[in-house]
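Engineer:
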Amino acid sequence: MFEKDFRISYLLDFYGNILTEKQKDAIDLYYNEDLSLAEIAEHQYITRQGVRDAIKRGEEILFEMEEKLGYAKKMEELTGLLEEVQSLAAVVRGSKNQQMHFYKRIEENMILIADKTKDFVPEKPE
Numbered sequence: 099m100f101e102k103d104f105r106i107s108y109l110l111d112f113y114g115n116i117l118t119e120k121q122k123d124a125i126d127l128y129y130n131e132d133l134s135l136a137e138i139a140e141h142q143y144i145t146r147q148g149v150r151d152a153i154k155r156g157e158e159i160l161f162e163m164e165e166k167l168g169y170a171k172k173m174e175e176l177t178g179l180l181e182e183v184q185s186l187a188a189v190v191r192g193s194k195n196q197q198m199h200f201y202k203r204i205e206e207n208m209i210l211i212a213d214k215t216k217d218f219v220p221e222k223p224e
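Numbering (the working numbering), first residue to last: 99 to 224.
#1: Quick one, are the C-beta atoms of I116 and M163 less than 8 Å apart?
#2: So, using beta-carbon positions, are L160 and I211 closer together than 8 Å?
#3: With the cut-off set at 8 Å, would you say A124 and A170 are in Cβ contact?
#4: Is the distance from the Cβ of Y129 to the Cβ of F104 below 8 Å?
#5: Thinking R203 and L186 are a contact (beta carbons under 8 Å), I'd like their distance in whole angstroms, please.
#6: Taking the C-alpha atoms as reference points, what is the distance between T215 and T145?
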């Protein structure tokens with residue numbers, strides 16, 4: 099048995115559609131449904147070794163795609179920025195003397211968010 103890296107489940111959300119159905123299904127069942135290799139093998143009508151190979155190859159592909167595209171990392175960065183904006187906005191509502199500092203931080207974060215999201219949004223045709 100090999101140790102589970104639960105980042106795989108997160109990467110599957112971003113890049114799962116580029117895997118074969120067997121790879122995607124095996125990874126989903128292993129990481130998200132917590133099935134054993136034997137249970138997945140029975141489900142897919144293949145050997146345990148076949149399941150292990152499908153999972154390992156799928157994991158390699160997911161890590162390669164993240165290394166090339168970085169969508170999961172970008173999403174984590176965006177989530178962090180949005181959480182900070184929410185936090186700052188809550189403080190701004192309650193404190194008058196620090197509003198200018200928080201407005202500046204919110205504006206900076208919104209600019210960063212807009213910059214980072216342009217990779218996710220297709221350009222409009224002219």
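Here a beta-carbon is modelled for each residue, glycine too, at the ideal position from N, C-alpha and C.
Structural biologist: So, from the data block:
#1: Here residue 116 corresponds to residue number 18 of the sequence shown, with the count starting at 1. Here residue 163 corresponds to residue number 65 of the sequence shown, with the count starting at 1. For I116 and M163, yes; Cβs fall inside 8 Å.
#2: Residue numbering aside, residue 160 sits at position 62 when the sequence shown is read from its first letter. Residue numbering aside, residue 211 sits at position 113 when the sequence shown is read from its first letter. Their beta carbons are not under 8 Å apart, which means L160 does not touch I211 by this criterion.
#3: On the sequence shown, position 26 is the one that residue 124 refers to. On the sequence shown, position 72 is the one that residue 170 refers to. No. Outside cutoff.
#4: What you label residue 129 is simply residue 31 of the sequence shown in a count that begins at 1. What you label residue 104 is simply residue 6 of the sequence shown in a count that begins at 1. Contact: yes.
#5: Against the sequence shown, residue 203 aligns to sequence position 105. Against the sequence shown, residue 186 aligns to sequence position 88. 5 Å between Cβ atoms; contact.
#6: Here residue 215 refers to the residue found at position 117 when the sequence shown is read from its first residue. Here residue 145 refers to the residue found at position 47 when the sequence shown is read from its first residue. If I take the Cα positions, the gap works out to 42 Å.
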